[in-house]
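Residue numbers (this note's numbering): 272 to 431.
Structure representation (structure tokens):
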């Protein structure tokens, strides 16, 4: 009986498989595959854990962002309120300052008017006195002796 090459290849394969079984190569390969499977499972578990942590951080940061936006809105509202209050205070202060300055100017004008009136009265009195002096001087020059004699006589009559 003649064996062909296929038969020898089959016998070699059976011997190879027998030796592989004898030396425990399937167990070694199985252990290696089990280690690889376990490593992959651990990696998947770690990835799942990291994903959950990332999701938790995302939620936490989203809450912080919302809180920060709320705080920023509060700060903006407070700043607007403060600006409105300061504007109102500035307007009131400006109105008060304008009123005080207006009153001061009006008082100065009134004082200047009073001073001008007083100066005009004083000048008028000076002019009237000067006019009276001139009139009396003129009168005295014309009727000077008569008036003095009459005044002396009048004084004499009053004393007696």
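All C-beta atoms in this analysis are idealised placements derived from N, C-alpha and C, irrespective of residue type, glycine included. These figures come from a predicted structure and were not determined experimentally.
- Where residue 295 is concerned, there is no enclosing alpha helix (DSSP H), because DSSP gives it neither an H nor an E.
- In this structure, the CA atom of residue 355 is about 24 Å from the CA atom of residue 371.
- Under the three-state reduction of DSSP output, residue 344 falls in the helix class.
- In the three-state reduction of the DSSP assignment, residue 275 falls in the coil class.
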